[in-house]
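Number of protein chains: 2
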Amino acid sequence: MNITIIGGGSLGLLFGYFLSFSNKVEFVVRSTKQYESLTHNGLLAERRETVKKAKHIHTNLLLPRSYKTDLVIVAVKSYHISSVLPLIQQYGPQTPLLFIQNGMSHLTDIKQLPHGKVALATVEHGAARKNDYTVRINGIGKTNLANYRGEMKDLLFSVFSPLENEFPWEWNEDYEVMMAKKLIVNAVINPLTGVLKCKNGVLLNNPHYTSLTEGLFNEVMTAFPMLNKQEEWRNLIGILQSTKDNTSSMLSDLIHNRKTEIDGILLPIKSKERPLTEALYHAIKGLEKESV
Amino acid sequence: MNITIIGGGSLGLLFGYFLSFSNKVEFVVRSTKQYESLTHNGLLAERRETVKKAKHIHTNLLLPRSYKTDLVIVAVKSYHISSVLPLIQQYGPQTPLLFIQNGMSHLTDIKQLPHGKVALATVEHGAARKNDYTVRINGIGKTNLANYRGEMKDLLFSVFSPLENEFPWEWNEDYEVMMAKKLIVNAVINPLTGVLKCKNGVLLNNPHYTSLTEGLFNEVMTAFPMLNKQEEWRNLIGILQSTKDNTSSMLSDLIHNRKTEIDGILLPIKSKERPLTEALYHAIKGLEKESV
């Protein structure tokens with residue numbers, strides 16, 4: 001299959017790497033530097049002490065208008081979705097799209113697209129972009145997939161099932177539930193680790209941080225009354241345990257003075273009735289302005 | 001007058017320095033090292049580029065049982081009050097006491113004392129202990145004084161009025177109002193600067209931090225319905241402006257891996273109905289455990 005990945009960040013590179021073994025993968029990236037780097041070096045995945053090269057990738061800077069592909073995976077950060085909408089529209093409305101973003105704010109952008117087949121993914125992988133052509137794999141979790149519009153189950157099944165063991169995935173019937181479950185985890189772990197500047201596991205090891213985590217979780221959960229609170233708490237604890245040595249993406253963004261995804265994660269749920277969420281939103285927005 | 005100061009921290013040294021010019025000042029300190037240091041070097045106050053020596057001070061490690069003094073100033077941190085209660089009790093119940101602590105938690109300790117004359121002070125000075133015998137004066141604000149038990153206005157007037165211009169002070173009729181005003185300022189500036197790791201002024205310069213400051217202030221104010229909200233907000237803004245380049249005592253304690261005064265400051269007001277206060281309490285308690 002011909003798969004196009006828009007965005008050469010950690011997730012784009014991670015998906016591209018795994019999908020390259022049974023598909024032709026083309027990257028569409030914004031920066032000339034990354035374009036040249038990927039073209040010259042290929043795509044590498046580093047895992048513990050091992051470095052492996054992707055099978056075959058192709059890189060593009062600007063997309064030729066007539067370009068045909070079987071699946072476009074949009075892997076830019078949520079706050080860049082609006083800037084790539086014109087690019088996405090160059091693919092005809094029959095082209096299937098898969099969006100992998102944190103938070104929920106990108107759904108309003110996606111709504112505007114004329115495409116009939118749109119799916120969403122949330123991921124639990126730990127990956128970091130080491131350089132323009134190398135993704136560092138810290139841990140492979142699960143890719144959660146769901147239809148947003150139209151039917152993409154068979155298509156995504158044929159793309160992801162060859163990877164079953166190396167790159168596990170799960171089909172979800174309800175994208176709203178799937179997104180909400182991910183948002184809860186993001187809304188708790190990211191802002192707290194960002195403000196407290198700690199690895200994920202410290203939220204469990206430091207009893208005062210655990211109180212704080214529970215307080216924020218309880219508040220966030222009031223936005224998702226359809227979900228089971230105990231189940232989501234167990235899920236959160238499990239993720240904190242399995243990613244205990246990870247630096248959250250938000251903390252990593254703050255350390256490197258990059259914009260964080262706080263708008264996509266907390267804007268949909270912050271309100272006067274959720275004072276902690278409101279406070280953490282402002283703390284992270286404020287930290288973005290200060291050098292850390 | 002003979003004045004005894006218990007505690008050789010920044011405030012003890014600051015008061016001792018100013019009072020030494022018209023009184024005989026004796027320090028009672030816990031550490032042998034500081035005892036020897038003060039005895040050998042005298043007490044120095046550093047201000048911008050100038051260093052000045054206190055007029056005459058005397059230092060004691062353990063207090064002789066028969067020691068007579070006209071005023072005991074207790075200048076230890078609030079969480080050390082309980083450990084100096086036996087020492088204070090060696091001064092007869094007729095000895096006037098003045099307590100200078102942050103927060104309000106020390107009031108429960110003071111209640112137990114048999115002394116008939118007890119006054120309280122809150123301070124707005126910026127002072128830091130540079131070493132065992134040197135206090136660094138960053139800014140002189142105001143000393144607020146009030147009776148807690150018995151009548152000490154005349155005594156304190158005679159102690160503090162000679163210093164009017166250099167070391168301004170104000171008499172307050174109601175200690176509860178005086179303490180509440182100070183607690184509001186402490187409860188907002190200290191935890192926020194501690195968590196966000198910024199100088200006081202940044203709370204005003206970074207609009208997101210200002211939102212956060214306002215949110216916490218509004219919550220803290222619900223604990224003090226007798227005070228005028230607008231007036232206290234103006235007071236807080238004024239203090240943030242005049243101390244804009246200062247590192248708050250709580251941030252300074254965290255940076256130096258010292259215990260903070262969070263219990264004295266937020267325990268009296270934290271509750272489930274004040275989620276931000278509760279969250280900041282846990283954030284600071286948690287940060288105390290982590291290396292910063």
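Just so you know, the sequences run in chain order A and B. Per UniProt numbering: the first sequence = residues 1 to 292. Per UniProt numbering: the second sequence = residues 1 to 292. Idealized CB from N, CA, C, for every residue including glycine.
1. How many angstroms separate the CA atom of I57(B) from the CA atom of L14(B)?
2. Can you list the residues of chain B that N206(A) reaches, using a CB-CB cut of under 7 Å?
3. Can you name, in chain order, every residue of its own chain whose Cβ lies under 7 Å from the Cβ of Y148(B), other than the five neighbours on each side?
4. In the structure shown, what three-state DSSP assignment does Y133(A) receive?
5. Tell me whether the beta-carbon of T277(A) lies closer than 8 Å to the beta-carbon of I284(A).
6. What residue does the beta strand (DSSP E) around T4(B) start on, and which one ends it?
7. Please tell me whether V188(B) has its Cβ less than 8 Å away from any Cβ of chain A.
8. Taking the continuous alpha helix (DSSP H) assigned at N218(B), which residues delimit it?
9. How far does the alpha helix (DSSP H) with V188(B) in it extend, from its first residue to its last?
10. Let me make sure I understand the geometry here. Which of G9(B), V72(B), A187(B), K142(B) has the alpha-carbon closest to that of S105(B)?
11. Is there a C-beta anywhere in chain B that falls below 8 Å from the one on P275(A)?
12. Touching or not, the region 158-166 of chain A and the region 235-254 of chain A, by the rule of three or more beta carbon pairs under 8 Å?
13. Would you kindly report the start and end of the unbroken beta strand (DSSP E) that includes Y148(B)?
14. Let me know the alpha helix (DSSP H) ranges lying completely inside the region 87-138 of chain B, each 4 residues or longer, listed in chain order.
15. If you check the beta carbons only, do K24(B) and N2(B) fall under 8 Å apart?
16. Going along the region 215-236 of chain B in order, which residues come within less than 8 Å of chain A, judged by CB to CB distance?
17. DSSP state of F167(B), grouped into three classes?
18. Starting from the beta carbon of H256(B), find every residue of chain A whose beta carbon is closer than 7 Å, and list them in chain order.
19. Taking beta-carbon pairs under 9 Å, can you tell me which members of the UniProt domain "Ketopantoate reductase N-terminal" (3-149) of chain B lie near chain A?
20. Say whether chain D places a C-beta atom closer than 8 Å to the C-beta of A279(B).
21. Could you check if V74(A) is buried or exposed, using at least 16 other CB atoms within 10 Å of its CB as the buried criterion?
22. Quick check on this structure: which residue in T193(B), I6(B), A54(B), A223(B) has the alpha carbon closest to the alpha carbon of S20(B)?
23. I'd like the list of long-range same chain contacts for L71(B), defined as Cβ closer than 6 Å, with 5 residues on each side in sequence excluded.
24. Name the residue from Q89(A), L192(A), L63(A), S211(A) whose alpha carbon lies nearest to the alpha carbon of L266(A).
25. Sorted by chain position, which residues of the same chain lie with C-beta nearer than 8 Å to N131(A)'s C-beta, five sequence neighbours on each side aside?
26. Tell me which residues share the same chain as residue 293(B) and place their Cβ nearer than 8 Å to its Cβ, disregarding the 5 neighbours each side in the sequence.
27. Hey, quick one: how far does the alpha helix (DSSP H) through T69(B) stretch, first residue to last?
28. Roughly how many angstroms separate the alpha carbons of F160(A) and L236(B), rounded to a whole number?
29. With a threshold of 8 Å between beta-carbons, can S211(B) be considered close to chain A, or not?
30. Can a CB atom of chain B be found closer than 8 Å to the CB of V202(A)?
31. Could you name each continuous alpha helix (DSSP H) segment of 4 residues or more that falls completely within the region 232-267 of chain B, going from the start of the chain to the end?
32. Quick check on the DSSP output: the alpha helix (DSSP H) that includes N41(B) runs from which residue to which?
33. Could you check where the alpha helix (DSSP H) with V159(A) kicks off and where it finishes?
34. Give the single residue among V177(B), L196(B), I140(B), M221(B) whose Cα lies nearest to the Cα of A146(B).
35. Near T210(B), which residues of its chain fall below 8 Å by C-beta distance, leaving aside the five closest residues on each side in sequence?
36. Got a sec: is the Cβ-Cβ distance from L196(A) to anything in chain B below 8 Å?
According to the structure data:
1. Each residue's Cα considered, the two are about 12 Å apart.
2. G286, K289, E290
3. I110, V118, A119, L120, Y175
4. coil
5. no
6. 2-6
7. no
8. 207-221
9. 175-196
10. A187(B)
11. yes
12. Touching, no.
13. 143-149
14. 106-111
15. One thing to note: K24(B) has its Cβ within 8 Å of the Cβ of N2(B).
16. Within the region 215-236 of chain B, the residues whose Cβ lies closer than 8 Å to some Cβ of chain A are G215, L216, E219, listed in chain order.
17. coil
18. Ordered by position in chain A, no residue passes the 7 Å Cβ test against H256(B), which lies about 17 Å from the chain.
19. none
20. Within the model displayed, chain D is absent; protein chains A and B are what it includes.
21. V74(A) is buried by the Cβ-count criterion.
22. A54(B)
23. I3, P96
24. Distances from the alpha-carbon of L266(A) to those of Q89(A), L192(A), L63(A), S211(A) put L192(A) closest.
25. S37
26. As shown, chain B starts at 1 and ends at 292. That puts residue 293(B) outside it, with no answer to give.
27. No alpha helix (DSSP H) contains T69(B), which DSSP labels as neither H nor E.
28. 57 Å
29. yes
30. yes
31. 249-255, 262-266
32. Its alpha helix (DSSP H) spans residues 32-41.
33. 153-160
34. V177(B)
35. So the list reads L203, L204, once near-sequence residues are dropped.
36. Output row for L196(A): interface = yes.
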